[in-house]
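Numbering (the numbering used here), first residue to last: 52 to 194.
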């Protein structure tokens, strides 16, 4: 399923690009996420996420696959498995940054695949959770 989100950060385009590519710096702004390691452009970590009544801890990896400076476009892939055998999630996350005066508009498209019991939650629930996480992430970056 495809999820779309957008937010604005209160810094110019070049600064936003620099910040958003610094995974170790931005992960603390992702609600429930922690880094546990890094090897090259592949990061490992965990994320606690509540979907409906289920609170799961996902363990997995994030890889920076593409960072096109001219287009201000990044592509990252995520692979994770939920604790207690509750399923898997894979995602390709594409972000595009556009100058908006002295601020930067970030559009994020996530191509998400979920298996196991978590797959019972439809696109509406996933989009709502995604929007909430993105709002909290953007507020943390702005601070």
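Cβ coordinates follow ideal geometry from the N, Cα and C atoms, glycine included.
**Item:** Contact under 7 Å by Cβ, residue 53 with residue 162
**Value:** Position 2 of the chain shown, counting from 1, holds the residue named residue 53. Position 111 of the chain shown, counting from 1, holds the residue named residue 162. Yes, these two residues count as a Cβ contact at 7 Å.
**Delimiting residues of the alpha helix (DSSP H) encompassing residue 67** = For the purposes of this step, residue 67 is taken as residue 16 along the chain shown, with counting starting at 1. That run of the alpha helix (DSSP H) goes 64-71.
**Prompt:** Do you know how far the Cα of residue 149 is from the Cα of residue 68?
**Reply:** Reading the chain shown from its first residue, position 17 is the one you call residue 68. Reading the chain shown from its first residue, position 98 is the one you call residue 149. Residue 68 and residue 149: Cα-Cα distance of roughly 10 Å.
**Asked** Quick one, which of 153, 151, 131, 139 has its alpha-carbon nearest residue 169's?
**Response** Here residue 169 corresponds to residue number 118 of the chain shown, with the count starting at 1. Ranking the options by Cα distance to residue 169, first place goes to 139.
**Message:** Taking the alpha-carbon of residue 110 as reference, which of 103, 131, 142, 101 has the nearest alpha-carbon?
**Reply:** As a position in the chain shown, residue 110 is number 59, starting the count at 1. Of the listed residues, the one whose Cα sits closest to residue 110 is 131.
**Asked** Is there contact between the region 77-88 and the region 98-109, where contact requires at least three CB pairs shorter than 8 Å?
**Response** yes
**Prompt:** From what residue to what residue does the alpha helix (DSSP H) around residue 78 run?
**Reply:** In the chain shown, residue 78 corresponds to position 27, counting from 1. Careful: residue 78 lies outside any alpha helix (DSSP H) and carries neither H nor E.
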